[in-house]
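Single-structure report; data block below.
Protein chains in written order, with the numbering used here: chain A, 5 to 226; chain B, 5 to 226.
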């Protein structure tokens, strides 16, 4: 199809499609003339993925570029691809530039937790720094969960994470063998980004309910 | 103390302190001369809170302004204050402008879930839209959790959220009666923002571990 049809079918303006082509988010179409190219269903699917990541996932274009490179690189293992997607997402946190005993203690606590749980987590995983930074700040405000609390969080999340990874595989299987990898990758990307939104949304609602129960009159406001 | 000392003790540059004063994030000091004001421990504490929200929480200044107004407004109930904090945080999602059957179905599913769980959640809570939007996108990519899965998430999160709300109250009690509300509010703000980071970080590590178990060779890479 021509770019005009790709635009019509995807609902994405031509100028935006050109921007994605320039940024390397969308692969070029097959050239049919000096200024024309032919686009197919893979372009349509890729556009849908990009729009979902931007609009629903809030993922910046630079991160999407990294994610899609991993998706398209068939030499990368499934595990590494999932890692690239996850490591590309915010929020990120940089450790302090100078030595900070609170940070050191929090890092040691994170390492102890991972080791106690027997989890396989790369030592450069951004989530380690994210967790350590949150613990440092929570401690400074006397609002930190106890060690047991942290472990309870981890243990509640582990089966959910395993389900997510399993559901990503099921989605790929449903898509049929011929497009296995592309479908697996798409479902994986959307799953990793959006299951996190599901978790955040449900946690916020659970918190609102807990606050209503604890601080509001029994009749409550709704 | 003078602004120079406030800057030295907080580690926040004078220009930044002046910006927070202009933006209404930091209350004015007590004027001691035409161009001088006296700052105290409450200013120091407030600066620490602002820096934590920006640096560790990634909260934009406009959201911090809304949050701090609720913290300082003693006519607002504890439950409403927590709600203002939570509702000020991203990520947010706007529903589509035109009618969309997928959105309608997702909204109905969210309402059904909240009702089944017996949760008290304001009907304008942004988390409802955030969850519905994530479900719409997940469905489009065949990556959505089953209904039972969504409920499993909610049920895993509910006791954690109740613990968080309880720990916020405990932190306030430890701070002593005289500064109850200010301490409760500070701990609440930091807790609401940063427990979410804890959850995201632990979930990402759990996911990395689940992916390693499922997709990697038994020996694994670490």
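Think of the CB as a built atom: it goes at the ideal place given N, C-alpha and C, for glycine as much as any other residue.
Of the choices the options, whose alpha-carbon is the least far from that of residue i?
i                      : options                       : result
residue 97 of chain B  : A/206, A/212, A/124 and A/201 : A/201
residue 76 of chain A  : A/142, A/172, A/94 and A/46   : A/46
residue 163 of chain A : B/165, B/71 and B/160         : B/160
residue 172 of chain A : B/143, B/31 and B/165         : B/143
residue 10 of chain A  : A/124, A/44 and A/95          : A/44
residue 120 of chain B : A/124, A/128, A/210 and A/7   : A/210
residue 64 of chain B  : B/205, B/24 and B/165         : B/24
residue 166 of chain A : B/170, B/166 and B/156        : B/156
residue 146 of chain B : A/125, A/94, A/14 and A/170   : A/170
residue 254 of chain B : B/193, B/134, B/122 and B/69  : There is no way to answer for residue 254 of chain B, as the model of chain B reaches only from 5 to 226.
residue 218 of chain B : A/219, A/107 and A/124        : A/124
residue 117 of chain B : B/107, B/70, B/188 and B/135  : B/135
residue 203 of chain B : A/168, A/70, A/115 and A/153  : A/153
residue 90 of chain A  : A/128, A/31 and A/208         : A/128
residue 95 of chain A  : A/113, A/115 and A/67         : A/67
residue 70 of chain B  : B/62, B/31 and B/92           : B/92
residue 58 of chain A  : A/186, A/197 and A/83         : A/197
So for residue i, helix, strand or coil by DSSP?
i                      : result
residue 35 of chain B  : strand
residue 42 of chain A  : strand
residue 153 of chain B : helix
residue 20 of chain B  : helix
residue 158 of chain A : helix
residue 133 of chain B : helix
residue 145 of chain B : coil
residue 186 of chain B : helix
residue 5 of chain A   : coil
residue 107 of chain A : helix
residue 76 of chain B  : helix
residue 193 of chain B : helix
residue 101 of chain A : coil
residue 96 of chain A  : coil
residue 81 of chain B  : coil
residue 86 of chain B  : helix
residue 140 of chain B : helix
residue 209 of chain A : helix
residue 115 of chain B : helix
residue 203 of chain A : helix
What residues in its chain sit with their C-beta under 8 Å from that of residue i, if we drop five residues either side in the sequence?
i                      : result
residue 36 of chain B  : 42
residue 223 of chain B : Here residue 223 of chain B scores only 47 on pLDDT, less than 50, and its place in the model is too uncertain to base an answer on.
residue 190 of chain A : 49, 53 and 75
residue 126 of chain B : 87
residue 62 of chain B  : none
residue 21 of chain B  : 7, 10, 11, 14, 30 and 51
In or out: residue i buried (at least 16 other Cβ within 10 Å) or exposed?
i                      : result
residue 213 of chain B : buried
residue 39 of chain B  : exposed
residue 50 of chain B  : buried
residue 19 of chain B  : exposed
residue 105 of chain A : exposed
residue 101 of chain B : exposed
residue 195 of chain B : buried
residue 78 of chain A  : exposed
residue 87 of chain A  : buried
residue 81 of chain A  : exposed
residue 12 of chain B  : exposed
residue 26 of chain A  : exposed
residue 8 of chain B   : exposed
residue 131 of chain B : buried
residue 6 of chain B   : exposed
residue 14 of chain A  : buried
residue 234 of chain A : A query on residue 234 of chain A cannot be resolved here, the shown segment of chain A reaching from 5 to 226 and no further.
residue 103 of chain B : exposed
Which residues in the same chain as residue i place their Cβ atom closer than 7 Å to its Cβ, once the five residues preceding and following it in sequence are excluded?
i                      : result
residue 182 of chain A : With a pLDDT of only 47 at residue 182 of chain A, under the threshold of 50, the placement of this residue in the model should not be trusted, and no figure is reported.
residue 72 of chain A  : 29
residue 16 of chain B  : 51 and 55
residue 110 of chain B : 136, 139 and 140
residue 168 of chain A : 195 and 199
residue 158 of chain B : 117 and 121
residue 99 of chain B  : 107 and 133
residue 207 of chain B : none
Between which residues of its own chain and residue i is the CB-CB distance below 6 Å, once the five residues before and five after are set aside?
i                     : result
residue 85 of chain A : 74
residue 33 of chain B : 41, 42 and 43
Given a limit of 8 Å on CB to CB distance, which residues of the segment 63-85 of chain A reach chain B? Under the 8 Å Cβ criterion, the segment 63-85 of chain A contributes 81, 82 and 83.
*In chain order, what residues of the segment 110-141 of chain B put their CB closer than 9 Å to some CB of chain A?*
For the segment 110-141 of chain B, which is checked against every Cβ of chain A, the residues closer than 9 Å are 114, 117, 118, 121, 122, 123, 124, 125, 126, 127, 129, 130, 131, 132, 133, 134, 135, 136, 137, 138, 139, 140 and 141.
Between the segment 199-224 of chain A and chain B, which residues of the former have a C-beta closer than 8 Å to a C-beta of the latter? The segment 199-224 of chain A vs chain B, Cβ under 8 Å: 199, 200, 201, 202, 203, 204, 205, 206, 207, 208, 209, 210, 211, 212, 213, 214, 215, 216, 217, 218, 219, 220 and 224.
Inset, instruction - Quick one: which residues of the segment 84-107 of chain A get their C-beta closer than 7 Å to a C-beta of chain B? List them in chain order. - result: Within the segment 84-107 of chain A, the qualifying residues are 86, 87, 90, 95 and 97.
Inset, instruction - Select from the segment 26-52 of chain A all residues with a C-beta closer than 8 Å to any C-beta belonging to chain B, and list them in chain order. - result: Along the segment 26-52 of chain A, going in chain order, the ones with a CB nearer than 8 Å to a CB of chain B are 52.
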